[in-house]
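Student: Encoded as structure tokens, here's the structure I'll be asking about.
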Amino acid sequence: MEYTHLGGPEGPRVSTLCLGTLPFGTRIDEAAAFAVLDRFHEAGGTFIDTANTYAFWEPGATGAESELLIGRWLRSRGVRDEMVLATKVGALPDPPGSAWPECAEGLSAPVLRRQVEESLRNLGTDRIDLYYAHIDDRRTPVAETMGAFGELEDTGKIGRAGCSNFAAWRIEESRAAAVAAGVPDYAAVQQRYTYLRPRPGAEFGVNPHASEELLDYLGTRPELTFTAYTTQLTGAYTDAGKEVPEQYRHEGSERRLKVLAEVAAELGVTANQVVLAWALGGELPVLPVIGASSTAQLDETLGALGLRLDDELRKRLDDVD
4 MEYTHLGGPE
14 GPRVSTLCLG
24 TLPFGTRIDE
34 AAAFAVLDRF
44 HEAGGTFIDT
54 ANTYAFWEPG
64 ATGAESELLI
74 GRWLRSRGVR
84 DEMVLATKVG
94 ALPDPPGSAW
104 PECAEGLSAP
114 VLRRQVEESL
124 RNLGTDRIDL
134 YYAHIDDRRT
144 PVAETMGAFG
154 ELEDTGKIGR
164 AGCSNFAAWR
174 IEESRAAAVA
184 AGVPDYAAVQ
194 QRYTYLRPRP
204 GAEFGVNPHA
214 SEELLDYLGT
224 RPELTFTAYT
234 TQLTGAYTDA
244 GKEVPEQYRH
254 EGSERRLKVL
264 AEVAAELGVT
274 ANQVVLAWAL
284 GGELPVLPVI
294 GASSTAQLDE
304 TLGALGLRLD
314 DELRKRLDDV
324 D
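Note that my numbering numbers the sequence shown so that position 82 is 85, with each residue one more than the last.
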């Protein structure tokens, strides 16, 4: 495993692959999830990502399933102090079963104070290392949200705050509000990002692909760690039975997939491993949030850690329109 620091050199040390746990406790049962978590830990993985919403849309689920499962795993293995835990707030339907995302709980101070206690109980811990604003909330003043995050940091209930699915200008507005209030600003930004580019005008709802503006913004702010989800495109790079998501279906993607397959064949690795190596080794450091439903899938993903793309290969991948 390789490591970096969250939110700059003074931040906590984390593995450069973060394990995403969205389906744990719902589509992936406890035995399979524990096996993946064990393998990730054995490989030196230290960074785990969840949310207070995973996965409320599944039949009979409430959104607490992933956090609760992680809490049980941490207790049973006794490894809480070895792991950096990230969870999220702001996207849970309120009340349960209401229209989403219109009725998402939002990022008001009362919501943050209430939900951090729920997540702490679910995870069986007294500290959340990274607490993300899951989706933007245009109804709540950013000063209120940042002040509440600062309060949670002051009390030790969270280590740092982050944001997910925000536009670049909203991140900057939030950070300016934090500076004005004298509270810590965001340490991490999480966004959808992968090798394929979405077609112009593709609709992702509240989970957008990282824009060129956001990537440019993050490239000038090394104190913001960029964590990327769906980097593996939910398995579509390697699983012939999975279609490329509709938003990425266009001629440019066909050309990119062709070059990706050529590079993978030349290196004797999988397309998924090339994509992860591309993300990890770029000019803008990317920390992928990986998904795995089995130890075999996780082992294939971990194979990307030893892969380095030289300048010529990276140029071939990047230059495809």
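Positions of the beta carbon are idealized from the N, C-alpha and C atoms, including for glycine.
#1: Please report the distance separating the alpha-carbon of P291 from that of H8.
#2: Roughly how many angstroms separate the alpha carbons of R163 and E286, rounded to a whole number?
#3: In its own chain, which residues sit with a C-beta less than 6 angstroms from the C-beta of L305, not counting the 5 before and 5 after it?
#4: For L283 versus A274, is the C-beta distance shorter than 8 angstroms?
#5: I'd like to confirm the pairing. Which residues does DSSP put opposite L133 in its beta bridges?
#6: Going by beta-carbon coordinates alone, are T29 and E61 separated by less than 8 angstroms?
#7: Going by DSSP, what residue range makes up the alpha helix (DSSP H) through Y220?
#8: Note down, in chain order, each residue of its chain lying with its Cβ closer than 8 angstroms to the Cβ of V247, except the 5 sequence neighbours on either side.
#9: In three-state DSSP terms, what is P325?
#10: Just to confirm before moving on: does the CB-CB distance between G93 and D140 stay below 8 angstroms?
#11: Compare the C-alpha of R252 against each of T234, A38, R202 and name the closest.
#12: Return yes when the Cβ of L126 is within less than 8 angstroms of the Cβ of G48, no when it is not.
#13: If you draw a straight line from the C-alpha of G14 to the C-alpha of A268, how long is it?
#14: Grab the span of the beta strand (DSSP E) containing I73 for me, first residue to last.
#15: Express the C-alpha separation of Y189 and R319 in angstroms, rounding to a whole number.
#16: Taking all protein chains shown into account, do 16 or more other C-beta atoms lie within 10 angstroms of the C-beta of A400, making it buried, or fewer, making it exposed?
#17: Could you pull the start and end residues of the alpha helix (DSSP H) that Q276 belongs to?
#18: Exposed or buried, what is W172 when buried is set at 16 or more other beta-carbons lying within 10 Å of its beta-carbon?
#19: Is the Cβ-Cβ distance between S69 and L25 less than 8 angstroms?
#20: Bridge partners for Y232 per DSSP, in chain order?
#21: Can you check DSSP and say which residues form a bridge with Y6?
#22: Just to confirm my understanding: we take E176, look at its own chain, exclude 5 residues before and 5 after, and list those with CB closer than 7 angstroms. What are they?
#23: Between which two residues does the beta strand (DSSP E) containing V325 stretch?
#24: Between L20, V182, S296, which lies nearest to G150 when the distance is taken from Cα to Cα?
#25: Below 8 angstroms between beta carbons: does that hold for K91 and V119?
#26: Quick one: Cα of A36 to Cα of E85, how far?
#27: Sort out for me which residues DSSP pairs G23 with in a bridge.
#28: Rounded to the nearest angstrom, what separates L20 and F50 at their Cα positions?
#29: Could you spell out where the alpha helix (DSSP H) holding V262 opens and where it closes?
#30: With a threshold of 16 other CB atoms inside 10 Å of the CB of V209, please say whether the residue is buried or exposed.
Tutor: So, from the listed chains and residues:
#1: When rounded, the distance between both Cα atoms is 14 angstroms.
#2: 25 angstroms
#3: A46
#4: no
#5: A89, R163
#6: yes
#7: 215–222
#8: L199, L236, A239, S256, L260
#9: This structure gives no information on residue 325, because the portion of the chain shown stretches from 4 to 324.
#10: yes
#11: R202
#12: no
#13: 38 angstroms
#14: Not the beta strand (DSSP E): I73 falls in the alpha helix (DSSP H), residues 68–80.
#15: 34 angstroms
#16: Because the chain here runs from 4 to 324, residue 400 falls outside it and cannot be looked at.
#17: The continuous alpha helix (DSSP H) containing Q276 extends over residues 274–283.
#18: exposed
#19: yes
#20: R195, per the DSSP bridge assignment.
#21: S18
#22: V145
#23: Residue 325 lies beyond the stretch modelled for the chain, which goes from 4 to 324, so this question has no answer here.
#24: When each option's Cα is compared against that of G150, the closest is V182.
#25: no
#26: Distance between the alpha carbons of A36 and E85: 18 angstroms.
#27: According to DSSP, which records beta bridges pairwise, G23 is partnered with D52.
#28: 7 angstroms
#29: Residues 254–270.
#30: exposed
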